[in-house]
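In the numbering used here, the protein residues as written are 42 to 175. Cβ atoms here follow ideal geometry from the backbone N, Cα and C, with glycine treated the same way. To start, the structure itself, in structure tokens.
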Amino acid sequence: MINIRRYNSKLLNKPGVLYCGRGRTIEDLGLGNPFSHKPGTARFRVKTLAESIDCYQAWLGKLLKAHQKQQTRKLEGWERAYLRRVIKLAKDIDDGVLTDLMCFCVDLENYQPDDSKPYKCHTEILYEVALEIQ
């Protein structure tokens, strides 16, 4: 289990905490959602928050499938870089290195995936995919 924390600059450099948002430029995606309904640093603009979450889930599923089938050469360079970060995230979670993932959307203590509830943040999806990679 992990905590998904709302962004707090005081937590940024604490051990066990990983920021999962975008960087300051389109090229600096980090572990952020490349889809957004707001202007800014997202690679792709969509109309609503729900659409950005849906697009992210589908896109991350595509990356996971490429990884599982060992077909990552078919991905674009930035997608392969993102997938490498997701694989590192999965390893760090499995090794117990991380206790908290941080984004701007939600604050969820002891997060457990629940398919019966809609996602509120891409970090929930990111965490679930990281668990699948383990």
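_Within the stretch 49–134, ranges of the beta strand (DSSP E) (whole runs, at least 3 residues)_ = 58–60
_Boundaries (first-last residue) of the alpha helix (DSSP H) holding LEU167_ = Per DSSP, LEU167 is one residue of the alpha helix (DSSP H) stretching across 163–174.
*My understanding is that SER50 touches PHE76, with C-beta atoms under 8 Å, so please give their C-beta distance in whole angstroms.*
At roughly 25 Å, the Cβ-Cβ gap does not stay under 8 Å, so SER50 and PHE76 are not in contact.
*Between the Cα of TRP119 and the Cα atoms of LEU53, ASP69, GLU173, LYS55, which residue gives the shortest distance?*
The residue among LEU53, ASP69, GLU173, LYS55 with its C-alpha nearest the C-alpha of TRP119 is ASP69.
*Could you tell me the boundaries of the beta strand (DSSP E) in which TYR160 lies?*
From DSSP, TYR160 is part of no beta strand (DSSP E); its letter is neither H nor E.
*Option nearest TYR144 by Cα separation, candidates ASP155, ILE166, ALA107, VAL138*: Looking at the sequence shown, residue 144 is not Tyr but Cys. Comparing Cα positions, the closest option is ILE166.
_7 Å Cβ shell around VAL170 - same chain, five flanking residues per side excluded_ = LEU101, LEU105, VAL127
*Just reading off the beta strand (DSSP E) that CYS144 is part of, what are its end residues?*
Annotation for CYS144: the continuous beta strand (DSSP E) segment containing it runs 141–144.
*Roughly how many angstroms lie between the CA atoms of LYS110 and CYS162, to the nearest whole one?*
Approximately 27 Å, taken between the alpha carbons.
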